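Just so you know, the protein sequences line up as chains D and A, in that order. The first sequence finishes on residue 260 if you use the working numbering, and the numbering steps up by one all the way, no holes. The second sequence finishes on residue 297 if you use the working numbering, and the numbering steps up by one all the way, no holes. Glycine residues also receive a C-beta, built at the ideal position from the N, C-alpha and C atoms. Keep in mind the model is a prediction, meaning the values are calculated, not measured.
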Amino acid sequence: MNALNRLQRAFAEDLWGSDLKHLHGLIPDGRLPAARLLQVYRNNFRISLTEALEAVYPVMQRLVGADFFRYLADRYLRNHPPTHGDLAQFGDRMAVFVASFQPAASLPYLADIARLEWACHEVFHAPGNTPVGLDVLTRMPAADLPGLRFRLGPACHLVASDFPVHCIWQNNQAEVDEPEVVDLNRGGETVLVLRPCWTVQLWALQPAAGRLLTSLCRGEPLGEAVDQALMLDRTLDLQSLLSRYLAAGVLIPRCDSPHS
Amino acid sequence: MNPLKPLAPAPVVDGAIPVDAGIGLRSPHMQALLQTRPAVGWLEVHAENFFGNAGVPLHYLMRAREYYPVSLHGVGLSLGSTDPLSQPHLRQLRQLIDRVQPGLVSEHLSWGAVSGIHFNDLLPLPYTEEALDHFCRRVDQAQHVLGRQLLIENPSSYLRYRHSTIPEWEFLTTVAERTGAGILLDINNIFVSAFNHGFDAETYLRAIPADRVGEIHLAGHSLKQFEDGELLIDDHASPVCDQVWSLYCCALRLLDPKPTLIEWDAELPPLPDLVDQARLARDCLNRAATRRQETCR
Chain D
1 MNALNRLQRA FAEDLWGSDL KHLHGLIPDG RLPAARLLQV YRNNFRISLT EALEAVYPVM
61 QRLVGADFFR YLADRYLRNH PPTHGDLAQF GDRMAVFVAS FQPAASLPYL ADIARLEWAC
121 HEVFHAPGNT PVGLDVLTRM PAADLPGLRF RLGPACHLVA SDFPVHCIWQ NNQAEVDEPE
181 VVDLNRGGET VLVLRPCWTV QLWALQPAAG RLLTSLCRGE PLGEAVDQAL MLDRTLDLQS
241 LLSRYLAAGV LIPRCDSPHS
Chain A
1 MNPLKPLAPA PVVDGAIPVD AGIGLRSPHM QALLQTRPAV GWLEVHAENF FGNAGVPLHY
61 LMRAREYYPV SLHGVGLSLG STDPLSQPHL RQLRQLIDRV QPGLVSEHLS WGAVSGIHFN
121 DLLPLPYTEE ALDHFCRRVD QAQHVLGRQL LIENPSSYLR YRHSTIPEWE FLTTVAERTG
181 AGILLDINNI FVSAFNHGFD AETYLRAIPA DRVGEIHLAG HSLKQFEDGE LLIDDHASPV
241 CDQVWSLYCC ALRLLDPKPT LIEWDAELPP LPDLVDQARL ARDCLNRAAT RRQETCR
């Protein structure tokens, strides 16, 4: 197996464009010179994986343009190539990568858009949410409610940003021909990505609702999370908010909570 | 058969792949397929797109499975690699097989990963005794874990290795004989490789044992001009060309009618166009079956 292993390692180096000439002599010229034949495989490799990233990050691509995205995808691929035969996890480090990608430094919101798009990708492939009735809460002794803790449903992600990421995302969907100008100074947004049934949805949360969910996600008990949310908005309609989240399977009472 | 006025097939109980024409189902066609339920004999999907035992793609696949037999076509197991066979990948595939109950499961005569990096491509193997022994061991391992027979598909290729000593048809046939695997014969790949490497496609077909072939693939390719020559590129982005249809009819004469799949992966047409290609394949299958009956009489 040594010769086969050597060949495959040399081929891999060629795919990365190292051109170390290890393969020269092993591949005869055909209809085209051997170097050109290898170029076909280099192109396939680069293009197919760039397309895989384009499929997960269409908003990013639209924001930076197709040419710049190809350049970015190429750099990403070199830093974080696929390590599995299925590509479901390929692209998982885009947000971290793009945050330190100097050529995109003029778009400070790009990393959060990447986080949002990866959240959509994960929710799409996640097991479904299980709705919970509000009676789970109403049946509990009132004194136990403040101590109740939750976790986020499997097909849910919470993305908090200092930028209006939901607005940017909406304005850069394929069907939007003329995106509005988004004021980056209008404040941050917290977005709930979820899949109530078989379509991924994005809910832009009011600041108080965003705070409530963020606190609950961190494992804080309901009482504390509610106090923090009410500090942002005294008029928050907690009952309708909670019943909505429970019905969509966003919040699941944790077993380590009392009486749940 | 008018593909725009679909017949509704009865819900499938048995998942066996019939000797009929099927289509490669890609996600942009999923909704149209479920809404129109076109008259195709079966469906094939890329197995890896449904790994994880959950999620939206699997939900729709299971709905489609109520109406059609399904074949799982692997593209990422990298059977020819010298890296250890990925046990998590095999477990995922096994889980999917248990869920979907596919009629056929297939993979490629190729490699796609080395030193833990996957290149998402079907890269050519050297056809040597060393590679043959290695590939057979890997097929044995995979079949053992999956608990069933695999079909192995001949790839299209753009280059050959100087140290290859075995013709591809002989390599593929030997793999099937030694491991008990079946053969998924891609007629378009034979055509593409025959042009690119200058061998005779019919010689290839005549070397394949008919009883080993479990499935046939058909697809489109394109001729790419370079300044110093031209090459056929297996891009699955167009209808099956006349020459590949002819080669397919020749294959049916030599190998008997087999379940036949139309693959189309890039620049996808509307679903009815794909169904139309399957109808052409079905016509060829029907003609081949009639001819066979006449010969037997």
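Asked	Found
Taking 8 Å as the threshold (beta carbon to beta carbon), is G116/A in contact with chain D?	yes
For Y175/A, go through chain D and note every residue whose CB falls closer than 9 Å to its CB, in chain order.	The sequence given here has Val at residue 175/A, not Tyr. Within 9 Å Cβ-Cβ: nothing; V175/A doesn't reach chain D, min ~15 Å.
By DSSP's criteria, G112/A is part of a beta bridge. Which residues make up the other side?	Answer by DSSP bridge pairing: none, since G112/A is not bridged.
Using a Cβ-Cβ cut-off of 8 Å (strictly less than) and excluding sequence neighbours within five positions of P28/D, which residues of its own chain qualify?	A34
I'd like the list of long-range same chain contacts for L256/A, defined as Cβ closer than 6 Å, with 5 residues on each side in sequence excluded.	Checking the displayed sequence, the identity of residue 256/A turns out to be Asp instead of Leu. Closer than 6 Å at the Cβ level, and outside the excluded window around D256/A, lie A210.
In chain order, what residues of the stretch 101-128 of chain D put their CB closer than 8 Å to some CB of chain A?	F124, H125, A126, P127 and G128
Could you check what DSSP says for E267/A in three-state terms: helix, strand or coil?	coil
Please list, in chain order, all residues of the same chain as I166/A whose beta carbon is under 6 Å from its beta carbon, the five residues on each side excluded.	Y127
For the stretch 257-273 of chain A against the stretch 31-44 of chain A, do three or more pairs of beta-carbon atoms, one drawn from each stretch, fall closer than 8 Å, so that the two count as touching?	yes
If we count the other Cβ atoms within 10 Å of its Cβ and call it buried at 16 or more, is L232/A buried or exposed?	buried
What number of angstroms, rounded off, separates the C-alpha of P108/D from the C-alpha of P38/A?	48 Å
Measure the C-alpha to C-alpha separation of N129/D and Q149/A and round it to an integer number of angstroms.	36 Å
Quick one, which of V191/D, Q239/D and N44/D has its alpha-carbon nearest S161/D's?	V191/D
Run down chain A in chain order and give the residues with a C-beta less than 9 Å from the C-beta of P33/D.	D228 and G229
Going straight from the alpha carbon of K224/A to that of V64/D, what length do you get?	30 Å
Chain D partners of Y161/A, CB-CB under 7 Å?	L26 and I27
How about V114/A and Q89/D: are their beta carbons less than 8 Å apart?	no
Can the beta-carbon of E117/D be found less than 8 Å from the beta-carbon of Y71/D?	no
Taking the DSSP output, what are the residues bridged to C156/D?	L194/D
At a CB distance below 7 Å, what residues from the stretch 75-89 of chain D approach chain A? Give them in sequence order.	P81, P82, T83, H84, G85, D86, L87 and A88
Closest by CA to G46/A, which one among Q31/A, H59/A, T36/A and S27/A?	Reading off the sequence shown, one finds His at residue 46/A, where the question assumed Gly. When each option's Cα is compared against that of H46/A, the closest is S27/A.
Exposed or buried, S81/A, counting other C-beta atoms within 10 Å across all chains shown (16 or more means buried)?	buried
Which ranges does the alpha helix (DSSP H) cover as unbroken runs of at least 4 residues, wholly within the stretch 9-91 of chain D, from first to last along the chain?	34-56, 58-64 and 66-79
Given I17/A, which residues of its chain have a CB within under 6 Å of its CB, disregarding the five upstream and five downstream residues?	W42, P69, S71, G103, L104 and P259
Please determine, among L96/A, D276/A and C250/A, the residue with the shortest C-alpha to C-alpha distance to S238/A.	D276/A
Assuming E107/A and L85/A form a contact by the criterion Cβ under 8 Å, report the distance between their Cβ atoms to the nearest whole angstrom.	Incorrect: roughly 11 Å between the Cβ atoms, too far for contact.
For C249/A, I'd like the list of residues in its chain whose CB is within less than 6 Å of its CB, leaving aside the five on either flank, ordered along the chain.	C284
For I113/D versus V165/D, is the C-beta distance shorter than 8 Å?	yes
For the alpha helix (DSSP H) that contains S246/A, what are its first and last residues?	D242 to L255
When burial is assigned at 16 or more other CB atoms within 10 Å of the CB, is I183/A buried or exposed?	buried
When you compare the CB of T203/A with every CB in chain C, is at least one pair closer than 8 Å?	Protein chains D and A are contained in the structure displayed, whereas chain C is not.
Less than 8 Å between the C-beta atoms of F150/D and I252/D, yes or no?	yes
Using CA coordinates, which residue listed in L232/D, V250/D and W203/D is at the minimum distance from L216/D?	V250/D
If you measure beta-carbon to beta-carbon, which residues of the stretch 52-64 of chain A are closer than 9 Å to chain D?	G52, N53, A54, G55, V56, P57, L58, H59 and Y60
I'd like to know whether the C-beta of H197/A is nearer than 8 Å to at least one C-beta of chain D.	yes
Is H80/D near R93/D, with beta carbons less than 8 Å apart?	yes
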